[in-house]
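Undergrad: There's a structure below that I have some questions on.
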Amino acid sequence: MAVTANVPHDVTDLGLADTGKSAIEWAEASMPVLRAIRERFEAEKPLAGLTLAACLHVTTETANLMRTLKAGGADVYLCASNPLSTQDETAAALVVHYGVPTFARTGEDNDVYYDHIKSVLDTSPAITMDDGADLVSTIHSSRTELLETIIGGTEETTTGVIRLRSMGEDGVLKFPIVAVNEANTKHFFDNRYGTGQSTVDGILRATNILLAGKNFVVVGYGWCGRGLASRAEGMGANVIVTEVDPTRALEAVMDGYRVMPMMEAAAIGDIFVTMTGDKHVVDTHHMDVMKSGAIVANSGHFDVEINVASLAEMSTSRRTVRPFLEEFVQKDGRKIYLLGEGRLINLASAEGHPASVMDMSFANQALAAEYMKDNATTLEPRVYSVPEDMDAEIARLKLESMGIEIDTLTDEQETYLGSWEEGT
Ligand code: ADE
Numbered sequence: 003m004a005v006t007a008n009v010p011h012d013v014t015d016l017g018l019a020d021t022g023k024s025a026i027e028w029a030e031a032s033m034p035v036l037r038a039i040r041e042r043f044e045a046e047k048p049l050a051g052l053t054l055a056a057c058l059h060v061t062t063e064t065a066n067l068m069r070t071l072k073a074g075g076a077d078v079y080l081c082a083s084n085p086l087s088t089q090d091e092t093a094a095a096l097v098v099h100y101g102v103p104t105f106a107r108t109g110e111d112n113d114v115y116y117d118h119i120k121s122v123l124d125t126s127p128a129i130t131m132d133d134g135a136d137l138v139s140t141i142h143s144s145r146t147e148l149l150e151t152i153i154g155g156t157e158e159t160t161t162g163v164i165r166l167r168s169m170g171e172d173g174v175l176k177f178p179i180v181a182v183n184e185a186n187t188k189h190f191f192d193n194r195y196g197t198g199q200s201t202v203d204g205i206l207r208a209t210n211i212l213l214a215g216k217n218f219v220v221v222g223y224g225w226c227g228r229g230l231a232s233r234a235e236g237m238g239a240n241v242i243v244t245e246v247d248p249t250r251a252l253e254a255v256m257d258g259y260r261v262m263p264m265m266e267a268a269a270i271g272d273i274f275v276t277m278t279g280d281k282h283v284v285d286t287h288h289m290d291v292m293k294s295g296a297i298v299a300n301s302g303h304f305d306v307e308i309n310v311a312s313l314a315e316m317s318t319s320r321r322t323v324r325p326f327l328e329e330f331v332q333k334d335g336r337k338i339y340l341l342g343e344g345r346l347i348n349l350a351s352a353e354g355h356p357a358s359v360m361d362m363s364f365a366n367q368a369l370a371a372e373y374m375k376d377n378a379t380t381l382e383p384r385v386y387s388v389p390e391d392m393d394a395e396i397a398r399l400k401l402e403s404m405g406i407e408i409d410t411l412t413d414e415q416e417t418y419l420g421s422w423e424e425g426t
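For the sequence shown, our numbering assigns the number 3 to the initial residue and increments by one for each residue that follows.
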């Protein structure tokens, strides 16, 4: 029997909906904080009457966020924030089982990607929820009429926050944004442990190589780079870090890694993973000196970190060896392998961050949407951090869900911390 749907959508195959539903339920079991918020939202309906456009990776974890926002009374519309990260079964389940209008097909081309963005923006949202700032940037560049109904937005990722801050500094940002990425309960966990683990997962699913004994080059030592370096080291790789920031480079040295310029690392690395948020950090002159067999992957938000166009140009042939693994043969016979077209490998060939870290990231998203609804009229058009008490409450709830208790300050300690008279 053909599966039917009552909400607008553009997904690959509605017939995948049941498979998607059980995967969404599996993820939900590891998302207790988000579930607690959903239960409160169901009772209080804090987002009633609000239209919310979300541009996120369409995964089982995102599906649970959509359920939460919907439970809060919002009309939610979802499109993909990356052409390769959509889980088609999740998209189908959102449409069929959860009534969330979803516009996402894995492997969609650039035109379809922007058609999907258009579909969610055509709903005249009050709140935008971005992962990479594509909704906000589209609104400001070509859909300015939407500024009339928009009260604010939220942003999930480092790259998006950088884009939005630069819009704020240039005075072009027209509505307030809560930078979810800045919450401690987001970047300390999602960026570090989530990206660390899921990047290794993506590389292994695409290649099935042994990491032990390999020279593993981590390009960029932000929270994601720190997480990846420690996970790769844990699997026996010799980690090399490249950086442009002296403090981060120093931290990498004291964390026990070799630090060197990219040009030196290029000649000795077996695997290169970019996570800088910047352009062409693996460029022609680096690929020119790489060993035959070198593997190059990206786990940063956009597919700009590796100069893929140049790699294609400098190669005499290109072929797909297995899913997400392409071989580029060089004039001198060397072979360079590119994973997932240079798109974020942790979501292209793997499933992104596990649910238990997305639990905190998306708890921040849900509460940030509620905060925006309650406070938008008093906020200026700039990028705001997540309120500290909200961030701390998410950590408290997460610990509680894990059955872990911690100490509290005594009155004496509280007074001591608040005084300056007491010294030696
Ligand atoms: N970003 C990284 N991992 C993710 C996931 N599992 N779901 C949504 N967004 C993500």
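Here a beta-carbon is modelled for each residue, glycine too, at the ideal position from N, C-alpha and C.
Since this is a predicted model, take the numbers as computed values, not measurements.
Among Asn183, Ile347 and Arg37, which has the Cα closest to the Cα of Lys400?
TA: Within the sequence shown, the letter at position 398 stands for residue 400. It is Arg37 whose Cα lies nearest to the Cα of Lys400.
Undergrad: To the nearest angstrom, how far is it from the Cα of Ala234 to the Cα of Ala267?
TA: In the sequence shown, counting from the first residue as 1, residue 234 sits at position 232. In the sequence shown, counting from the first residue as 1, residue 267 sits at position 265. C-alpha separation (whole angstroms): 16 Å.
Undergrad: What residue from Leu49, Asn186, Glu27 and Gly342 has the CA that sits closest to Asn377's CA?
TA: Locating residue 377 in the sequence shown gives position 375, counting from the first residue. Comparing Cα positions, the closest option is Leu49.
Undergrad: I'd like to know whether the C-beta atoms of Val174 and Tyr386 end up nearer to each other than 8 Å.
TA: By 1-based counting over the sequence shown, the position of residue 174 is 172. By 1-based counting over the sequence shown, the position of residue 386 is 384. No. Outside cutoff.
Undergrad: Is there at least one non-hydrogen atom of the ligand ADE closer than 7 Å to the beta-carbon of Glu184?
TA: Position 182 of the sequence shown, counted from the first residue, corresponds to residue 184. No, since every heavy atom of the ligand ADE falls outside the 7 Å radius drawn around the Cβ of Glu184.
Undergrad: At a cut-off of 7 Å, would you count Met447 as near the ligand ADE, judging by its Cβ distance to the nearest heavy atom?
TA: The structure shown has nothing for residue 447, since the chain only spans 3 to 426.
Undergrad: Quick check: is any heavy atom of the ligand ADE less than 7 Å from the C-beta of Met265?
TA: Start at 1 with the first residue of the sequence shown, and residue 265 comes out as number 263. No, Cβ of Met265 sits at least 7 Å from all heavy atoms of the ligand ADE.
Undergrad: Have a look at the DSSP bridge pairing and note the partners of His11.
TA: As a first step, residue 11 is located in the sequence shown; it is residue number 9 there, counting from the start. His11 is bridged to Thr104.
Undergrad: From this set, Ala94, Gly342, Thr417 and Asn300, which residue's C-alpha is nearest Thr104's C-alpha?
TA: For the purposes of this step, residue 104 is taken as the residue at position 102 of the sequence shown. For the residues Ala94, Gly342, Thr417 and Asn300, the minimum Cα distance to Thr104 belongs to Ala94.
Undergrad: Buried or exposed: which applies to Leu67, given that a residue is buried once 16 or more other Cβ atoms fall within 10 Å of its Cβ?
TA: On the sequence shown, position 65 is the one that residue 67 refers to. It is buried - the Cβ of Leu67 has at least 16 other Cβ atoms within 10 Å.
Undergrad: Report yes or no: do three or more beta-carbon pairs, one from the stretch 328 to 345 and one from the stretch 289 to 305, lie closer than 8 Å?
TA: Verdict: yes, contact present.
Undergrad: Please list the terminal residues of the continuous alpha helix (DSSP H) segment that includes Leu166.
TA: Walking along the sequence shown from the start, residue 166 turns up at place 164. First-last of the alpha helix (DSSP H) with Leu166: Thr160 to Glu171.
Undergrad: From Ser168, Arg40, Trp225 and Phe330, pick the residue whose C-alpha is nearest to that of Ala311; which is it?
TA: As a working note, residue 311 is residue 309 in the sequence shown. Comparing Cα-Cα distances from Ala311 to each of Ser168, Arg40, Trp225 and Phe330, the minimum goes to Phe330.
Undergrad: Cutting at 6 Å between CB atoms, please list the residues of its own chain near Ser87, excluding the five before and the five after it.
TA: The residue you call residue 87 lines up with position 85 of the sequence shown. For Ser87, where only same-chain residues beyond five positions count, the Cβ hits under 6 Å are His59 and Leu349.
Undergrad: By DSSP, does Met256 sit in helix, in strand, or in coil?
TA: Position 254 of the sequence shown holds residue 256. Helix at Met256.
Undergrad: Do Thr62 and Ala31 have their beta-carbon atoms positioned less than 8 Å apart in this structure?
TA: Position 29 of the sequence shown, counted from the start, is the residue given in the question as residue 31. Position 60 of the sequence shown, counted from the start, is the residue given in the question as residue 62. No, Cβ-Cβ distance for Ala31 and Thr62 is not below 8 Å.
Undergrad: Does the stretch 212 to 219 come into contact with the stretch 186 to 193, if we say contact requires no fewer than three beta-carbon pairs (one atom in each stretch) closer than 8 Å?
TA: The stretch 212 to 219 is not in contact with the stretch 186 to 193.
Undergrad: In the structure shown, what three-state DSSP assignment does Gln89 receive?
TA: On the sequence shown, position 87 is the one that residue 89 refers to. Correct three-state label for Gln89: coil.
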